[in-house]
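Residue numbers (the working numbering): 1367 to 2002. Where is the CB? At the ideal position from N, CA and C, for every residue including glycine. Following: one structure in structure tokens, then a few remarks.
Okay, here's the thing in structure tokens:
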């Protein structure tokens, strides 16, 4: 579908990435990973042709359709959900407009025998035929089915899109992409602002997607569940492996270890030869041997070890002063948005040192309660902050409100006080905004860089209670880990709104579950919360999926049991053989990829090369599908 060769993209004279080469085929579900600012979103924009590139080639198969789910969704104000979803059918809607115009003319005109009238009849026939071919008589029904499948109710269809949260607006955009039937799907952090139910739907959709998918995500579980290939951008290069994220990390570490060992062996060999050269040069009888060894050394290609970008934030959250024992006390809290009641008669008592996670589906009031606690929105009921309480608040969309034309340094200096203004440069350096990076304008920062800046700005104000609403959105894996460690070491009171189980594990000791306008307290960590619901993970917990515990069958028939064991062993052997075949094919394809990367023109001149290359990839997909079906059968 897409072939990229020696692609280079530069900004301000510096290469963001250089000479990258890869191919995208149907069935590829690629996780595009790397640190914030590495160029992931830029690469998606290049593929979608939103922006250009400096050198290299990018070749698409004929008539390939690309769908791009961007980080920032910008709907036209005043459209209903249905109106916005119908925007997926650009050509159908254009034909509808033309048909309306032709029909109107036919109604108004009476010159039935004229050539122009006959031409109108022919236009209507052609337009009607094209309308039918494109599914014009079915698109409205298809749209309603998809929207309902994504959780919208029929009564929502005529509501304006701007009355819905970011997660629901994301679902509308996803519905449009699904209805368009694109060949290549580009998704830039699709799980941001989505609740667990939405993420599960998206996972299932992508698993069954027949085209090619390339997605940027920092959600490890999502990547592992969806992708079958990982491309990492690091220090301007790419590392491409036919594995989901967790397996990619293991393989990458294994390859780097082998590179290090090979490099050590080579250095030892070079040192030995150099020693012999120095020894033989002094003897006339050995001069020719010394010359021979020197020629050998000249031909040696030095083994390089893949370099990692190990730059990381350095965060420390310190409490401003000790608060009283009770930090937040609330009675009969209620909040409504028009006719929609979000919370009703909520009572809360949060003590000093509490570490609380807010979990639940979008729209259940998690962010609403956080905003009520910091006084951002009005509410009904009583809420009181305790003695000496100072709240630090990281809003879900905080990074979006940074002034676009101001530089990183200006934004920090504007928020600084006389007491910490001298520390601004050092703080920015701790958040990876050292040197020239501090002079970047906010509008050119990536989503992760904006989040890092918002976190840095948060530290300028004193606090002993920290409320964080989806703080990991846009943050890369390394930054998420650094943030988690800093929060674990925070001695104050912590309240975190998150859908990320990996992030919450070990971070909090109390969970507030939000559902149906009420809040239920669970005195335990996130794993305790899951165990209470007899569920395997937070995704099921938020979806409230019932877990059915199957009883093991009683062995009343020993022959039947032995037959089952024998069949199970046969299937396991078959599975093992398929795994070996997959491993061999992957190695062969890696070798072919290396040949393409080393000398594209040479392999292109071989008529059977790419035919063999594609055949091996197709065979790999078939074997992997067989493995998946057999694995499901064994574990059923």
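Separation of residue j from residue i, as counted between CA atoms
| i | j | result |
| --- | --- | --- |
| residue 1858 | residue 1838 | 20 Å |
| residue 1739 | residue 1428 | 55 Å |
| residue 1862 | residue 1426 | 44 Å |
| residue 1975 | residue 1981 | 10 Å |
| residue 1864 | residue 1725 | 6 Å |
| residue 1746 | residue 1699 | 6 Å |
| residue 1973 | residue 1457 | 39 Å |
| residue 1419 | residue 1875 | 49 Å |
| residue 1696 | residue 1758 | 19 Å |
| residue 1925 | residue 1434 | For residue 1925, the pLDDT reaches just 48, beneath the cut-off of 50, and the residue's location in the model is therefore unreliable, leaving the point undetermined. |
| residue 1960 | residue 1968 | 12 Å |
| residue 1578 | residue 1545 | 16 Å |
| residue 1990 | residue 1957 | 19 Å |
| residue 1774 | residue 1822 | 10 Å |
| residue 1983 | residue 1788 | 58 Å |
| residue 1659 | residue 1633 | 15 Å |
| residue 1996 | residue 1591 | 18 Å |
| residue 1401 | residue 1772 | 24 Å |
| residue 1370 | residue 1412 | 11 Å |
| residue 1954 | residue 1574 | 26 Å |
| residue 1913 | residue 1816 | With a pLDDT of only 36 at residue 1913, under the threshold of 50, the placement of this residue in the model should not be trusted, and no figure is reported. |
| residue 1490 | residue 1505 | 20 Å |
| residue 1915 | residue 2000 | Annotation note: pLDDT 33 at residue 1915 (below 50); position unreliable, coordinate value reported separately. Roughly 18 Å separates the two Cα atoms. |
With 16 other Cβ atoms within 10 Å as the buried cut-off, status of residue i
| i | result |
| --- | --- |
| residue 2059 | The displayed coordinates of the chain run from 1367 to 2002. Any statement about residue 2059 would go beyond what the structure contains. |
| residue 1653 | exposed |
| residue 1356 | In the structure displayed, the chain extends from 1367 to 2002; residue 1356 sits before or after that span and is not available. |
| residue 1894 | exposed |
| residue 1797 | buried |
| residue 1556 | buried |
| residue 1610 | buried |
| residue 1754 | exposed |
| residue 1834 | buried |
| residue 1812 | buried |
| residue 1707 | exposed |
| residue 1767 | exposed |
| residue 1840 | buried |
| residue 1903 | Low confidence applies to residue 1903: its pLDDT is 47, below 50, so where it sits in the model is not reliable enough to give any reading. |
| residue 1867 | buried |
| residue 1561 | buried |
| residue 1657 | exposed |
Counterpart residues of residue i in DSSP-defined beta bridges
| i | result |
| --- | --- |
| residue 1580 | 1396, 1552 |
| residue 1598 | 1399, 1605 |
| residue 1773 | 1807 |
| residue 1424 | 1370 |
| residue 1312 | Lying before the first or after the last residue shown, residue 1312 is absent from the chain, which here runs from 1367 to 2002. |
| residue 1446 | 1526 |
| residue 1787 | DSSP, once it has assigned bridges, lists no residue as partnering residue 1787. |
| residue 2031 | Residue numbering for the chain in the displayed model covers 1367 to 2002; residue 2031 lies beyond these limits and cannot be assessed. |
| residue 1712 | 1699 |
| residue 1751 | 1694 |
| residue 1879 | 1725, 1886 |
Cβ shell of residue i (< 6 Å), same chain only, five flanking positions each side left out
| i | result |
| --- | --- |
| residue 1519 | none |
| residue 2005 | The chain is shown from 1367 up to 2002; residue 2005 falls before or after that span and cannot be answered. |
| residue 1405 | 1382, 1383, 1599 |
| residue 1748 | 1697 |
| residue 1597 | 1396, 1398, 1604, 1606 |
| residue 1612 | 1590 |
| residue 1497 | 1461 |
Other residues of its chain near residue i: CB distance less than 7 Å, five sequence neighbours each side excluded
| i | result |
| --- | --- |
| residue 1846 | 1584, 1838, 1869 |
| residue 1539 | 1435, 1439 |
| residue 1827 | 1758 |
| residue 1312 | The structure shown does not extend to residue 1312, since the chain is modelled only from 1367 to 2002, so the question has no answer here. |
Any non-hydrogen atom of the ligand SAM closer than 7 Å to residue i Cβ
| i | result |
| --- | --- |
| residue 1535 | With respect to small molecules bound, the structure shown includes none, and the ligand SAM cannot be examined in it. |
Own chain partners of residue i with C-beta closer than 8 Å, once the 5 adjacent residues on each side are dropped
| i | result |
| --- | --- |
| residue 1541 | 1451, 1454, 1509, 1512, 1513, 1516 |
| residue 1446 | 1523, 1524, 1525, 1526, 1527 |
| residue 1372 | 1385, 1386, 1387, 1421, 1422, 1423, 1966 |
| residue 1690 | 1718, 1752, 1753, 1754, 1755 |
| residue 1951 | 1982, 1985, 1986, 1989 |
Distance between beta carbons of residue j and residue i, contact taken as under 8 Å
| i | j | result |
| --- | --- | --- |
| residue 1397 | residue 1589 | 4 Å |
| residue 1794 | residue 1785 | So it is not a contact: roughly 17 Å between Cβ atoms. |
| residue 1804 | residue 1682 | Not really, about 20 Å apart at Cβ, beyond 8 Å. |
| residue 1389 | residue 1409 | Contact doesn't hold; Cβ gap of about 14 Å is too wide. |
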